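A short write-up of the structure that comes next.
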Amino acid sequence: MGTDMRMFVILLFSPLVIVTVHAVCSRIYHDRLPQTVAVRALILGYLPMAVFLWKGVFRALSCDTGAVVSICYCFVVYTSCAYAYFHLFNMSETARRIRIIHEIHKAGSLQYNSITALYRTPDIIRLRLKRLVGMKRLTYRDGYYSLNDRLLYRTALFIALWRTLLGFSGRRVE
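So the number in the numbering used here is just where the residue sits in the sequence shown, counting from 1, plus 128.
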């Protein structure tokens with residue numbers, strides 16, 4: 129396998145490195161804010177990526193302009209993946225709609241009061257429920273909200289699996 133292909137494969141696996149480092153950091157720094165842990169993990173992720181790239185690609189290259197450009201390219205690619213990962217993670221941490229859908233699915237259907245009791249913030253919940261009904265993800269009938277389809281529920285399951293892999297399954301999600 130050529131140098132370019134090795135670099136491509138290593139960069140292709142950088143999201144796996146990010147998730148793995150994040151999972152480890154989540155278990156070590158479990159008492160910190162999840163976003164702080166994510167940023168720390170993304171920064172620490174540069175270390176294994178540098179080792180993989182050094183051993184797999186750059187050790188055999190001479191230090192010329194092409195190698196410097198390749199190193200910069202790898203830095204930009206990892207940083208871009210880390211940036212996207214952080215925002216995806218941050219959305220999963222703050223998206224109340226995912227939790228609402230998950231709770232409604234678990235119960236089969238819920239009344240408005242049961243949903244607002246989860247958050248103690250009725251205005252936010254009212255707005256989210258209105259949007260979900262408007263998007264045709266929920267149906268409101270006889271005082272109960274029910275799921276119309278399973279797309280967002282499957283997304284919620286993926287997020288729950290992701291949280292479990294990161295070690296957040298026992299934490300309360302707000």
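Idealized CB from N, CA, C, for every residue including glycine.
A quick note: this is a predicted structure, and the numbers were derived from the prediction, not measured.
Determine the direct distance from the alpha carbon of residue j to that of residue i, and round the result to whole angstroms.
{"i": "L285", "j": "S242", "result": "21 angstroms"}
{"i": "V185", "j": "V152", "result": "26 angstroms"}
{"i": "Y157", "j": "S190", "result": "39 angstroms"}
{"i": "F296", "j": "L280", "result": "20 angstroms"}
{"i": "G194", "j": "V205", "result": "16 angstroms"}
{"i": "D192", "j": "V179", "result": "19 angstroms"}
Helix, strand or coil for residue i? Go by DSSP, reduced to three states.
{"i": "S237", "result": "coil"}
{"i": "Y272", "result": "strand"}
{"i": "T249", "result": "coil"}
{"i": "L266", "result": "strand"}
{"i": "E302", "result": "Because E302 carries a pLDDT of 41, less than 50, the predicted location of this residue cannot be relied on, and no value is offered for it."}
{"i": "Y157", "result": "coil"}
{"i": "F296", "result": "coil"}
When the distance is taken between beta carbons, is residue j closer than 8 angstroms to residue i?
{"i": "H230", "j": "A188", "result": "no"}
{"i": "L172", "j": "C202", "result": "no"}
{"i": "P102", "j": "C200", "result": "For the chain, the structure presents residues 129 to 302; residue 102 sits outside this window and is missing."}
{"i": "S154", "j": "L294", "result": "yes"}
{"i": "L260", "j": "R225", "result": "yes"}
If I follow the unbroken alpha helix (DSSP H) through residue i, where does it start and stop?
{"i": "V185", "result": "Run containing V185: none; DSSP gives neither H nor E here."}
{"i": "D277", "result": "Where D277 is concerned, there is no enclosing alpha helix (DSSP H), given that its DSSP letter is neither H nor E."}
{"i": "L139", "result": "T131 to L140"}
{"i": "L189", "result": "Element bounds for L189: n/a, residue is neither H nor E."}
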